[in-house]
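Asks: This is the structure I want to talk about, given as structure tokens.
Protein chains: 2
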Amino acid sequence: MANQQTALDTVFHALADPTRRAVVSRLLTGAAPVKRLSEPFEMGLPAFLKHLSVLEASGLIHTEKQGRVRTCRVDAARLAAAEGWLAEQRAVWQGRTDRLAAFVESLNPPEEKS
Amino acid sequence: MANQQTALDTVFHALADPTRRAVVSRLLTGAAPVKRLSEPFEMGLPAFLKHLSVLEASGLIHTEKQGRVRTCRVDAARLAAAEGWLAEQRAVWQGRTDRLAAFVESLNPPEEKS
DNA sequence: TTGTTGGTTCGCCATATGGTGAACTATAGA
DNA sequence: TCTATAGTTCACCATATGGCGAACCAACAA
Chain A
305 MANQQTALDT VFHALADPTR RAVVSRLLTG AAPVKRLSEP FEMGLPAFLK HLSVLEASGL
365 IHTEKQGRVR TCRVDAARLA AAEGWLAEQR AVWQGRTDRL AAFVESLNPP EEKS
Chain B
305 MANQQTALDT VFHALADPTR RAVVSRLLTG AAPVKRLSEP FEMGLPAFLK HLSVLEASGL
365 IHTEKQGRVR TCRVDAARLA AAEGWLAEQR AVWQGRTDRL AAFVESLNPP EEKS
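Respectively, the protein sequence lines represent chains A and B. Our numbering puts the first residue of the first sequence at 305, with every later residue one more than the last. Our numbering puts the first residue of the second sequence at 305, with every later residue one more than the last.
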């Protein structure tokens, strides 16, 4: 699972940037070539390509070159991995607060609210 | 919402490190003082404190000092914010694939599978 | 009062990140 | 064939990150 941990590292790191989150959001509505993706942003292409490579290294997107255009598409499974970790954590926390609530109730039996 | 975007930046960045994720996980089972939290890790206290301050800056944890011990506790709402963004994205993607499936079906009417 | 313990601060270091501009390659189209 | 376009690579820069050791402060305990 050390591998998985590294995967979470790179996925969360990739998402920790508004440009990259915007790209992911955009790609979720459909694949797109690099230039089209880069248009909404102020930065130059080299900087934008770095963002793309961070995203690709994280597995959040895959790219494929055909002729002179490179098409990018998102890998929703990776997003799900991040969401999964968070859901796990929430489950732990909810379990704890549920037990806490039960404990408090056991100390202080709930009154019937009329 | 620019503020929220910044909040997502810091939350995802905070989660992009195994040490910090472990601390969050640990704190979800209950509050703890700094030293106890730091014990499982190899690094020195100064380095560990930096991780804590990253977590605190992101709002994922809050700390409070009483006497000479500083107690840390998690803020589950921030975790939920990150999970919320991911859930939103998944909804977009699912909406798209649902529409895609509908479109494909409209082209190629489904056969009744016996 | 004198240790010991929990935490903090400081200066330092190596590396990673996020951006730039300029030069370059390779394909598509006229 | 010529040219415009999509993308890539390179060298460079400023700042952020993640770690260290050493010195330091403050509070509890003996």
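The beta carbon of each residue, even a glycine, is placed where N, CA and C say it ideally should be.
How is residue 315 of chain A classed by DSSP in three states: helix, strand or coil?
Replies: Taking the first sequence and counting its residues from 1, one reaches residue 315 of chain A at position 11. Three-state DSSP puts residue 315 of chain A in a helix.
Asks: Per DSSP, which one or two residues make a beta bridge with residue 336 of chain A?
Replies: The sequence position of residue 336 of chain A within the first sequence is 32, counting from 1. According to DSSP, which records beta bridges pairwise, residue 336 of chain A is partnered with A:376.
Asks: Can we say the region 308 to 322 of chain A touches the region 333 to 352 of chain A, given the rule of at least three CB pairs closer than 8 Å?
Replies: As far as the Cβ criterion goes, the region 308 to 322 of chain A does not touch the region 333 to 352 of chain A, which means the pair count is below three.
Asks: Just the C-alpha distance for residue 324 of chain B and residue 365 of chain A, rounded to the nearest angstrom, thanks.
Replies: Working through the second sequence from its first residue, we reach residue 324 of chain B at position 20. Working through the first sequence from its first residue, we reach residue 365 of chain A at position 61. Going by the C-alpha atoms only, they are around 25 Å apart.
Asks: Within 10 angstroms of its Cβ, does residue 378 of chain B collect 16 or more other Cβ (buried), or is it exposed?
Replies: On the second sequence, residue 378 of chain B is found 74 positions in, with the first residue counted as 1. Looking at its Cβ environment, which holds 16 or more other Cβ atoms inside 10 Å, residue 378 of chain B is buried.
Asks: Just verifying my parser: in three-state terms, what is the DSSP assignment at residue 310 of chain A?
Replies: By one-based count along the first sequence, residue 310 of chain A stands at place 6. It is helical.
Asks: Could you check where the alpha helix (DSSP H) with residue 253 of chain A kicks off and where it finishes?
Replies: Missing from the structure shown is residue 253 of chain A; chain A here goes from 305 to 418 and no further.
Asks: If you draw a straight line from the C-alpha of residue 358 of chain A to the C-alpha of residue 336 of chain B, how long is it?
Replies: Locating residue 358 of chain A in the first sequence gives position 54, where the first residue counts as 1. Locating residue 336 of chain B in the second sequence gives position 32, where the first residue counts as 1. If I take the Cα positions, the gap works out to 35 Å.
Asks: Please state whether DSSP places residue 417 of chain A in a helix, a strand or coil.
Replies: One-based indexing of the first sequence puts residue 417 of chain A at position 113. Since pLDDT at residue 417 of chain A reaches only 46, below the 50 mark, its modelled position is unreliable, and no value is offered.
Asks: Would you say residue 332 of chain B and residue 370 of chain A are within 7 Å of each other, going by their C-beta atoms?
Replies: Here residue 332 of chain B refers to the residue found at position 28 when the second sequence is read from its first residue. Here residue 370 of chain A refers to the residue found at position 66 when the first sequence is read from its first residue. Contact flag unset, no.
Asks: Using the Cα positions of residue 342 of chain B and residue 353 of chain B, report the straight-line distance between them to the nearest angstrom.
Replies: Taking the second sequence and counting its residues from 1, the one referred to as residue 342 of chain B is at position 38. Taking the second sequence and counting its residues from 1, the one referred to as residue 353 of chain B is at position 49. Each residue's alpha carbon lies about 9 Å from the other.
Asks: Taking DSSP as the reference, what is the three-state secondary structure of residue 392 of chain A?
Replies: Mapped onto the first sequence, residue 392 of chain A falls at position 88. Correct three-state label for residue 392 of chain A: helix.
Asks: Tell me, please, whether the CB atom of residue 379 of chain B is closer than 7 Å to any CB atom in chain A?
Replies: As a working mapping, residue 379 of chain B is identified with position 75 in the second sequence. Not an interface residue.
Asks: Quick check on residue 382 of chain B: buried or exposed, where buried means 16 or more other Cβ atoms within 10 Å of its Cβ?
Replies: Sequence index remark: in the second sequence, residue 382 of chain B carries index 78 (1-based). By the 10 Å Cβ count, residue 382 of chain B comes out buried.
Asks: Would you verify that the beta carbon of residue 345 of chain B is, or is not, closer than 7 Å to some beta carbon of chain A?
Replies: Taking the first residue of the second sequence as 1, we reach residue 345 of chain B at position 41. False, the Cβ-Cβ gap to chain A never drops below 7 Å.
Asks: Check whether chain A comes within 7 Å of residue 305 of chain B, counting only Cβ atoms and requiring the distance to be less than that.
Replies: Start at 1 with the first residue of the second sequence, and residue 305 of chain B comes out as number 1. Since pLDDT at residue 305 of chain B reaches only 44, below the 50 mark, its modelled position is unreliable, and the value read off the structure follows with that caveat. False, the Cβ-Cβ gap to chain A never drops below 7 Å.
Asks: Please list the terminal residues of the continuous beta strand (DSSP E) segment that includes residue 368 of chain A.
Replies: As a first step, residue 368 of chain A must be located in the first sequence, where it is residue number 64. Start and end: 365 to 370.
Asks: Does residue 419 of chain A have its Cβ less than 7 Å from a Cβ in chain B?
Replies: Residue 419 of chain A lies beyond the range of chain A shown here (305 to 418); nothing can be said about it.
Asks: Distance, Cα to Cα, residue 387 of chain B vs residue 376 of chain B?
Replies: To locate residue 387 of chain B, count along the second sequence from 1; it is residue 83. To locate residue 376 of chain B, count along the second sequence from 1; it is residue 72. Their backbone Cα atoms lie some 22 Å apart in a straight line.
Asks: Please list the residues of the region 343 to 374 of chain A that have a C-beta atom closer than 8 Å to any C-beta atom in chain B, keeping them in chain order.
Replies: Those would be none; no residue qualifies.
Asks: Considering only their Cβ atoms, is the gap separating residue 314 of chain A from residue 351 of chain A smaller than 7 Å?
Replies: Counting from one through the first sequence, the residue named residue 351 of chain A turns up at place 47. Counting from one through the first sequence, the residue named residue 314 of chain A turns up at place 10. No; because the gap between Cβ atoms is not below 7 Å, this pair is not in contact.
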